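**Q** This is the structure, below, for whatever I ask next.
Residue numbers (the numbering used here), protein chains in the order written: chain X, 957 to 1208; chain Z, 26 to 356; chain V, 2 to 293.
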């Protein structure tokens, strides 16, 4: 059974069909790239998969159960976490708190237990702080734990956003153009981070990019989208030589 | 609990006890007369109102212009409860506690009833709809003449709020709000202020926490209203108009959104300021409003921003300063 | 039926005053996203200007009205320059508090200068009833309605056809893009305040004449109603303000005629709440969702 399965999903905005009959299967531990020129509908697909939009037709299953119509936070609990094209951090909070918020569902004390500062509060909070620091350490960011997120350099902000998504313990991680706005050095670091995630976490990744070269290097499978339709699917080698893909990217 | 936190707790406990003892001594020595005592009580009521609004506006990030409505609901519920219990033979303190709990519960329920539809809106639209709801509460109270006395006002409320009980209720409200904001629920609330979409994307049940924060803020506003009713012993719906909501919001913004200690300091300043300007009679409110505009122009993020005042912070600054001076002396 | 028609005319007249004031709220909101709480006080100032000119000179009504509008426009621009401009990059709530502070300041300034007791507005428009069929309409009511409509048409033409009007629309659409197109944003914002304030003052003058009184807190209630009107119609939209103004005026007048007075406000606020819940951006507003 695939981890994530989208069957014939469509998105209609008024008279515009932004995504048409989109199909995707992602298996455990797979790294799939979703590419296409600007405006092809990649982010719309993402927003449907993560519950921001409800598809007008079709079905999405995570781990075999349908998530269509579920709220974004329910989809997170079902096991799919994401990042955003324009980084969305909790900017005026510390790096540690950013992670702790994503760790929210691992803490179980009630509002009253928290107000009375009962033992469960202290135990949960201590566990959370330790776990989140250890988590930051994996990404070499433990030193920044007390910095405000807004004060991090761009590349580190992106890294924090990815770490924060992973802190929700997802089965699949979805990255929306993580390399957007990065210089080559930062892009290189990002590639390392993605490799690190693959090594340390047992999860699948769906990666959106419009830069084809970046995706070719790391993805196992690629799906190419144009005008809301899938025009090609396959290994990087296959898609690179697909005439339709060449046409879309290089023009006639 | 680590040692630094324990130290902070103890320091704060001592400071609170010292303030209480100090004021008590000054009252019994006659330095603080009835008039000054009244001002101190109003300061504390404003602290409750401002810190609770800060939860909704500063921490949760939802601009609210109807806080006076919740205050009104609490004031009337508390007053009516106390009037009903007045001849029951219960001690005053018990009557006050029961009345305030009733006020908190009803106001929080009103907060939930308003919050569920209203919190779907954002920014200015939320501000406007809460303004509308706040005024509605006032108009309804005005028209429930049998129960509330309507525009003639409600009299016969037992005057059972004293410096002592108002002080400890205020301390309790601050403690609860501080602990709430420093818990997993508080972090979820702040994450909504920071970025609602991101909060939802990391698994925070945003609707639930928005309503939770809003309801707690409303509940405490009800407590503030209840104390107000039991100190004045008279209520009139006009007291709870839109301008009252604005006054509370001004305290929050001036103190710093997301800073409880900021709200406390601002409540002290903004309650004393109009009183201190009393000798200017007609020019009082003119000077007050002028000061308000000036403060906003020169310090738009409020006195404290989102930071909290702490003795540790003062000490750290002092140490930094001292070290800097030492280094300069060496050089 | 006659009573209803009578109330309808009265409602249109009150509504046109609300619409004039609502235009100022909506134009300012459209351009700098500020709920200008001081706008009700500009309206009050306009009424006082008219009062002062009328008692100290023999100028005809039209001259009194125009001079008051110009003075209020100057006042509006000064407030924007002194109190709002320094906060253009500050948190929006600080700007809101500043506007509230400005509103309190103007109210209390008027209180200090003119004292709290209402001043009687001189009879600027000769009062005699005009019969239209079975309905009787006052000259004041009729003048109010006609003048409001004239100025609304002028505003509409100005915004749509002239260069500064187009600049106003461009700035409210996208400030940065307007700047890049060579539009003087500061000047355009000032112009918006000037026009909004002048229209608000006209509302104040007509309000003062209708109720024959001028007093420092007279701006609060019509200001709030006009603001509700602007939100109802869709804040930031000029036709919305006009529509909302007339709607609020009608609802208010008609409910006053048939219901106990104290419920009037509840009905107005109730309608506001219902409209916001169904369509947060107002009757004419477009729904906008934050882009993810």
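Don't be surprised by glycine CBs; every beta carbon is placed ideally from N, CA and C. Owing to the predicted nature of the structure, the values given are computational and were not obtained by experimental measurement.
Compare the C-beta of residue 326 (chain Z) against all C-beta atoms of chain X and say whether one is closer than 8 Å.
**A** No, no contact with chain X.
**Q** Helix, strand or coil for residue 1104 (chain X) per DSSP?
**A** Three-state DSSP puts residue 1104 (chain X) in a strand.
**Q** Near residue 123 (chain Z), what residues of its chain come up, given a Cβ to Cβ distance below 7 Å and the 5 sequence neighbours on each side ignored?
**A** Once the five neighbours on either side are set aside, the close Cβ partners of residue 123 (chain Z) are 106, 110.
**Q** So, with DSSP's three-state summary, where would you put residue 975 (chain X)?
**A** In the structure shown, residue 975 (chain X) sits in a strand (DSSP, three-state: E or B).
**Q** In chain X, which residues lie less than 8 Å from residue 201 (chain Z) when you measure between Cβ atoms?
**A** 1071, listed in chain order.
**Q** Spell out a yes or no on whether the region 176 to 196 of chain V and the region 77 to 91 of chain V are touching, meaning 3 or more CB-CB pairs, one atom from each, closer than 8 Å.
**A** In short, these stretches touch, since the Cβ pair count reaches three.
**Q** Please look up how many angstroms separate the CB atoms of residue 964 (chain X) and residue 983 (chain X), rounded, as I've assumed it's under 8 Å.
**A** Between residue 983 (chain X) and residue 964 (chain X) the Cβ distance is about 19 Å, and since that is not below 8 Å, they are no contact.
**Q** Determine the direct distance from the alpha carbon of residue 284 (chain V) to that of residue 30 (chain V), and round the result to whole angstroms.
**A** So the alpha carbons of these two residues sit roughly 16 Å apart.
**Q** Can you look up residue 1148 (chain X) in the DSSP assignment and give me helix, strand or coil?
**A** Here residue 1148 (chain X) sits in helix by DSSP.
**Q** Cβ closer than 7 Å: which chain Z residues qualify as neighbours of residue 109 (chain V)?
**A** Ordered by position in chain Z, the residues that pass the 7 Å Cβ test against residue 109 (chain V) are 310, 311, 314.
**Q** Return the Cβ separation of residue 226 (chain Z) and residue 1006 (chain X) in integer angstroms, given the expectation that the two are a contact with Cβ distance under 8 Å.
**A** Yes, residue 226 (chain Z) and residue 1006 (chain X) are in contact; Cβ-Cβ is about 7 Å, under 8 Å.
**Q** Determine which residues of the region 262 to 289 of chain V have a Cβ less than 8 Å from any Cβ of chain Z, and write them out in chain order.
**A** Listed by position along the chain: 263, 264, 266, 267, 270, 271, 273, 274, 277, 278, 281, 282.
**Q** Report yes or no: is there a C-beta of chain Z within less than 8 Å of the C-beta of residue 1140 (chain X)?
**A** Not closer than 8 Å to any Cβ of chain Z, the Cβ of residue 1140 (chain X) fails to qualify, so no.
**Q** Within the same chain, show all residues whose beta-carbon is closer than 8 Å to that of residue 1057 (chain X), passing over the 5 residues directly before and after it, in chain order.
**A** Contacts found: 1046, 1049, 1120.
**Q** Between X:1190, X:1095, X:1088, which lies nearest to residue 1053 (chain X) when the distance is taken from Cα to Cα?
**A** Measuring from the Cα of residue 1053 (chain X), the nearest candidate turns out to be X:1088.
**Q** For residue 139 (chain V), collect the residues of the same chain with a Cβ closer than 7 Å to its Cβ; drop the 5 residues on either side in sequence, then sort them by chain order.
**A** Answer for residue 139 (chain V): 128, 130, listed in chain order.
**Q** Helix, strand or coil: how does DSSP classify residue 177 (chain Z) here?
**A** In this structure, residue 177 (chain Z) counts as helix in the three-state DSSP scheme.
**Q** Count the other CB atoms, across all protein chains shown, that sit within 10 Å of the CB of residue 53 (chain Z); report buried if there are 16 or more and exposed otherwise.
**A** Exposed, by the Cβ-count rule.
**Q** Using a beta-carbon distance below 8 Å, is residue 87 (chain V) in contact with chain Z?
**A** With 8 Å as the cut-off, residue 87 (chain V) counts as an interface residue toward chain Z.
**Q** Just to confirm before moving on: does the CB-CB distance between residue 246 (chain V) and residue 230 (chain V) stay below 8 Å?
**A** For residue 246 (chain V) and residue 230 (chain V), yes; Cβs fall inside 8 Å.
**Q** Beta carbon of residue 156 (chain V), beta carbon of residue 24 (chain V): below 8 Å?
**A** Against a cut-off of 8 Å, the Cβ pair of residue 24 (chain V) and residue 156 (chain V) comes out as a contact.
**Q** Return no unless some Cβ of chain Z is closer than 8 Å to the Cβ of residue 1134 (chain X).
**A** Chain Z, which has no Cβ nearer than 8 Å to the Cβ of residue 1134 (chain X), makes this no.
**Q** Closest by CA to residue 171 (chain Z), which one among Z:284, Z:101, Z:330?
**A** When each option's Cα is compared against that of residue 171 (chain Z), the closest is Z:101.
**Q** Looking only at its chain, what residues have a beta carbon closer than 7 Å to the beta carbon of residue 74 (chain Z), apart from the 5 residues adjacent to it on each side?
**A** 92, 96, 246, 249, 273, listed in sequence order.
**Q** Does DSSP classify residue 215 (chain V) as helix, strand or coil?
**A** Of the three classes helix, strand and coil, the one that applies to residue 215 (chain V) here is strand, per DSSP.
**Q** Thinking C-beta only, is residue 106 (chain V) closer than 8 Å to residue 194 (chain Z)?
**A** Not closer than 8 Å, so no.
**Q** Please compile the residues from chain B whose C-beta is within a distance smaller than 7 Å of the C-beta of residue 178 (chain Z).
**A** Checking the listed chains, one finds no chain B in this structure; the protein chains it contains are X, Z and V.
**Q** In this structure, what does DSSP give as the bridge partners for residue 132 (chain V)?
**A** In the DSSP output, where bridge partners are listed per residue, residue 132 (chain V) has V:137.
**Q** To the nearest angstrom, report how far apart residue 271 (chain Z) and residue 78 (chain Z) are at their CA atoms.
**A** Going from the Cα of residue 271 (chain Z) to the Cα of residue 78 (chain Z) covers about 11 Å.
**Q** Helix, strand or coil, according to DSSP, for residue 282 (chain Z) in the structure here?
**A** Coil, per DSSP.
**Q** In three-state DSSP terms, what is residue 1088 (chain X)?
**A** Note: residue 1088 (chain X) maps to helix in three-state DSSP.
**Q** Use the C-beta contact count for residue 1021 (chain X): other C-beta atoms within 10 angstroms, 16 or more gives buried, fewer gives exposed.
**A** So residue 1021 (chain X) counts as exposed.
**Q** Taking Cβ-Cβ distances shorter than 8 Å, what residues in chain Z pair up with residue 105 (chain V)?
**A** Residues of chain Z passing the Cβ test: 310, 313, 314, 317.
**Q** Give a yes or no on whether the minimum CB-CB distance between residue 102 (chain V) and chain Z is below 8 Å.
**A** Closer than 8 Å to some Cβ of chain Z, the Cβ of residue 102 (chain V) qualifies, so yes.
**Q** Suppose you measure from the CA of residue 199 (chain Z) to the CA of residue 76 (chain Z); what does that come to, to the nearest Å?
**A** So the two alpha carbons sit approximately 7 Å from each other.
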